[in-house]
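Asks: Take this structure first; my questions come after.
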Amino acid sequence: MIAVFLEHHEGELQKGSLGVLAKAVSLGQGEVAGVVLGSGVKELAAGAGRYGAAKVYVADAPELEAPLPQPRVDALAQLLGEQEIDTVLFAASVLASDVAAGLAARLDAGLNWDLVDLAAQDGALVGKRPALEDAVYVDVGWTAAPRLALFRPGAFDPAEIGGQAEVEELSPAFEDFSMLATMLEQAHEESAGPSIEDADVIVAGGRGLGGPENFALVESLAKALGGAVAATRAVVDAGWYPYAAQVGQTGKTVSPKLYIACGISGAIQHKVGMQGSGTVIAINKDPNAPIFEFCDLGVVGDLHEIVPKLAELVQQRKAA
Amino acid sequence: MKIAVCVKEVPDASVQKRINPQTKRLDRSGEGALNHFDVQAVEEALRLKEAQGEGEVVLVSLGPQRALDSLRKALAMGADRALLVSDEAAAGSDLVATSRALGAALEREGADLVLFGQQANDSDGAVLWAAVADRLRYPVISQVAELTIANGKVRGKRQTEFGYDVIEAPLPAVVAVSDAINEPRYPSLKGIMGAKKKPQETLSAADLGLDSGTLGEQGSRTSVLALGDPPPRGEARKIDDDGSAAEKIVDFLAEKKLL
Ligand SMILES: Cc1cc2nc3c(=O)[nH]c(=O)nc-3n(C[C@H](O)[C@H](O)[C@H](O)COP(=O)(O)OP(=O)(O)OC[C@H]3O[C@@H](n4cnc5c(N)ncnc54)[C@H](O)[C@@H]3O)c2cc1C
Ligand SMILES: Nc1ncnc2c1ncn2[C@@H]1O[C@H](COP(=O)(O)O)[C@@H](O)[C@H]1O
């Protein structure tokens, strides 16, 4: 049986996990189970039936309160020992990736990551993974069960089928070392910032700006174009710009008509947040930057030269 | 305090990466370089050592013999010694096999802190630390953008899909850093000169007490079945700035009716 790790936050099953659940159901390989691990999550678990889970395994324990990976590895390893589960699928997230990799080591199980699709071919599961900055698509498999897979964020949409799941409770035992990490502060959103989700034009800045003061360049271009400013995780983590403006896997997903990336390398985790944009322009001094693989106009050059000039030209044009 | 840093040699940025259609593995024959994300983990280790005024920074890597050339860059930055696990039988190791080899090497080292970079830029897995931590039975904190050590505990601040977490764990622990954690130093001339003389040890699977059948493709649980082309993309234009890039962008915007 295929099981899907269902991540939740503040009482809601996450869309990414439900998307993977929908994909698993669509494979037609028999019933699919959901796995919900947390504290006070029984009700939540039952809700997975609506999204296609025939069964939901739920572990409800105080040790699972904080979203930390290691106790979840314990719970899943135990579940796979007790039930006929040969495949566990995860929607990639900070938590799910660590759970999947920990479980792989625990069970000596194969883990394929960054999959964008999964198919059943002659009884075997085959995953599709874009590799080398998405320049090659690789078909990947597993040489033994259990099979573990992480899917790229946003790979699939959830499907509300409207079924009912049979809920089965687990009582996992936890390893001592799994209880050593403690969450002191959780999901703290720092400094509010502008909303970028609805902007038609986004000008985004990355580490290539060279310092927080240079966000002024990006801001003036955004202003000239009547757009919003966004940032990469690298500069948000470094405190150059607010988290609210971050685009990517752990930030916002945006789809403006125009996205101008300034000094951004174009990592997959950034790409997944902006690949729905209409037109993408990239300014980067490194001709080999991955962002040039997924933009409509790539400009190899120094943003410090180009961006101020561009802002001025746009302003002139709008004034004319 | 003893700090182990897991570092990987990856194809140099100047090399056009390709997958060998025969072996279906990444072609590693071209020039190699230290994974740049790992340079930041090395930098963080050096800073921790400097702040404590004592300690040792050990590089631990799994790779071909020639990876020592890349490891020397980190030795030049200030790392004290390098330990390379290298074995014909280990080529093509997946997560299961790689974590087994590194786990065994790290077990032998018994470091107080094991650091990882954000991701290997040839595999983009960003997962290995969690597998290694499980093998070592150490607590793990990933994606750490701010790291502090006090009273035998490591504390990390990191971003998730929902905001910032602060997580603490007693040492020994595994920590994976994010690419915002620091700006790595450049090796000094003295460092570069001295790097060659620093201890560089190569261990085989047997040296680590590992059956070579548990490494490499034999010890792996995943396989690459086929290579294909990505879905076609629209026509992309690329220009070099000759001083007129701003004008060209404006023309492009006008053409796309975006102005
Ligand atoms: C689990 C996980 C989640 C993540 N989530 C996100 C996320 O939500 N969003 C996100 O963005 N990232 C995310 N990342 C990080 C991501 O992998 C990259 O590390 C990050 O996006 C890099 O940011 P950057 O492009 O600003 O910096 P870099 O990769 O350092 O790129 C800087 C670029 O600027 C260019 N440059 C430098 N100087 C100039 C100049 N003068 N003119 C022009 N160009 C210049 C350089 O050539 C380089 O390409 C995540 C990573 C992980 C592991
Ligand atoms: N072969 C290797 N030897 C040593 N460390 C590695 C190796 N591969 C990956 N790493 C470490 O694991 C991190 C994450 O790698 P990955 O999960 O492959 O993206 C890297 O940044 C390195 O710190």
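Here the protein sequences line up with chains U and D, keeping their order. So the first sequence is numbered by numbering that gives the first Met the number 0: it starts at 0 and just counts up by one. So the second sequence is numbered by numbering that gives the first Met the number 0: it starts at 0 and just counts up by one. Don't be surprised by glycine CBs; every beta carbon is placed ideally from N, CA and C.
1. Can you name the start and end residues of the alpha helix (DSSP H) that Met192 of chain D belongs to?
2. Restricting to Cα atoms, I'd like to know which of D:Thr159, D:Lys16, D:Ala3, D:Gln15 is closest to Asp37 of chain D.
3. Can you tell me which of the three DSSP states Tyr185 of chain D falls into?
4. Could you check what DSSP says for Ser219 of chain U in three-state terms: helix, strand or coil?
5. Closest to Met273 of chain U by CA distance: which of U:Ala108, U:Asp199, U:Val135, U:His187 is it?
6. Beta strand (DSSP E) containing Ala2 of chain U: first to last residue?
7. Whole angstroms is fine: what's the gap from Ser276 of chain U's alpha carbon to Leu257 of chain D's?
8. Counting only the same chain and skipping the five closest in sequence on each side, list residues whose C-beta sits under 7 Å from that of Lys251 of chain U.
9. In the DSSP assignment, find the alpha helix (DSSP H) that holds Ala230 of chain U and state where it starts and stops.
10. Please decide whether Lys255 of chain D counts as near chain U, where near means a Cβ-Cβ distance under 8 Å.
11. If we define contact as Cβ-Cβ less than 8 Å, is Leu94 of chain D a contact residue for chain U?
12. Using a threshold of 7 Å, is the CB atom of Leu216 of chain U nearer than that to any non-hydrogen atom of ligand 1?
13. Can you find the residues in the same chain that come closer than 8 Å, C-beta to C-beta, to Gln64 of chain D, ignoring five residues on each side of it along the sequence?
14. If you compare alpha carbons, which of D:Ala100, D:Ala244, D:Leu105 is closest to Lys1 of chain D?
15. Got a sec: which bits of the stretch 146 to 166 of chain D sit with their beta carbon under 9 Å from any beta carbon on chain U, in order along the chain?
16. Quick check on Val223 of chain D - is its C-beta less than 8 Å from some C-beta in chain U?
17. Answer with buried or exposed for Lys195 of chain D, where buried requires no fewer than 16 other C-beta atoms within 10 angstroms of its C-beta.
18. Could you tell me which residues DSSP puts in a beta bridge with Phe89 of chain U?
19. Buried or exposed: where does Met192 of chain D fall if 16 or more other Cβ atoms within 10 Å of its Cβ makes it buried?
20. Could you name the residues whose beta carbon sits closer than 7 Å to any heavy atom belonging to ligand 2, keeping them in chain order?
21. Measuring straight from C-alpha to C-alpha, what distance separates Glu182 of chain D and Ala237 of chain U?
22. Helix, strand or coil: how does DSSP classify Asp250 of chain D here?
23. Counting only Cβ pairs nearer than 8 Å, list the residues of chain D close to Ser92 of chain U.
24. If I follow the unbroken beta strand (DSSP E) through Leu58 of chain D, where does it start and stop?
25. Report yes if the CB atom of Ala203 of chain U is closer than 8 Å to the CB atom of Cys261 of chain U, and no otherwise.
26. Using beta-carbon positions only, say whether Arg157 of chain D and Ser177 of chain D come within less than 8 Å of one another.
27. Counting contacts by CB-CB distance shorter than 8 Å, is Ser96 of chain U in contact with chain D?
28. Going straight from the alpha carbon of Gln199 of chain D to that of Asn283 of chain U, what length do you get?
29. Which residues bound the alpha helix (DSSP H) around Gly80 of chain U?
30. CB Lys317 of chain U to CB Ala223 of chain U, shorter than 8 Å?
31. With a threshold of 7 Å (Cβ to nearest heavy atom), would Gly155 of chain D be considered close to ligand 3?
32. For Arg232 of chain D and Asn34 of chain D, I'd like the C-alpha separation in whole angstroms.
33. If you reduce the DSSP assignment to three classes, tell me which class Tyr242 of chain U lands in.
34. Would the stretch 129 to 139 of chain D and the stretch 92 to 104 of chain D be scored as touching if the rule is three or more Cβ pairs under 8 Å?
35. Closest by CA to Gln248 of chain U, which one among U:Ser264, U:Asp116, U:Arg49, U:Ala91?
36. Tell me whether His269 of chain U counts as near ligand 1, meaning its Cβ is closer than 7 Å to at least one heavy atom of that ligand.
Replies: So, from the data block:
1. 188 to 194
2. D:Ala3
3. coil
4. helix
5. U:Asp199
6. 1 to 4
7. If you take the alpha carbons of Ser276 of chain U and Leu257 of chain D, they lie about 13 Å apart.
8. Ile195, Glu196, Gln245, Gly272
9. Element bounds for Ala230 of chain U: not the alpha helix (DSSP H) but the beta strand (DSSP E), 227 to 230.
10. Using a Cβ-Cβ cut-off of 8 Å, Lys255 of chain D counts as an interface residue toward chain U, since at least one Cβ of chain U sits closer than that to its own.
11. yes
12. no
13. Leu83, Ser85, Thr201
14. D:Leu105
15. Arg154, Lys156, Arg157, Gln158, Thr159, Glu160, Phe161, Gly162, Tyr163, Asp164, Val165, Ile166
16. At least one beta carbon of chain U lies nearer than 8 Å to the beta carbon of Val223 of chain D.
17. exposed
18. U:Leu149
19. Burial state of Met192 of chain D is exposed, judged by a 10 Å Cβ sphere holding fewer than 16 other Cβ atoms.
20. D:Cys5, D:Val6, D:Lys7, D:Asn34, D:Phe36, D:Asp37, D:Ala40, D:Val59, D:Ser60, D:Leu61, D:Gly62, D:Thr97, D:Leu101, D:Phe115, D:Gly116, D:Gln117, D:Gln118, D:Ala119, D:Ser122, D:Asp123, D:Gly124, D:Ala125, D:Val126, D:Leu127, D:Trp128, D:Ala175
21. 10 Å
22. Helix, per DSSP.
23. Ordered by position in chain D, the residues that pass the 8 Å Cβ test against Ser92 of chain U are Thr159, Glu160.
24. 55 to 61
25. yes
26. yes
27. yes
28. 37 Å
29. 68 to 81
30. By the CB criterion at 8 Å, Lys317 of chain U and Ala223 of chain U fall inside the cutoff.
31. Ligand 3 is absent from the structure shown, which contains only ligand 1 and ligand 2.
32. 29 Å
33. helix
34. yes
35. U:Ala91
36. In terms of side-chain proximity, the C-beta atom of His269 of chain U is found nearer than 7 Å to a non-hydrogen atom of ligand 1.
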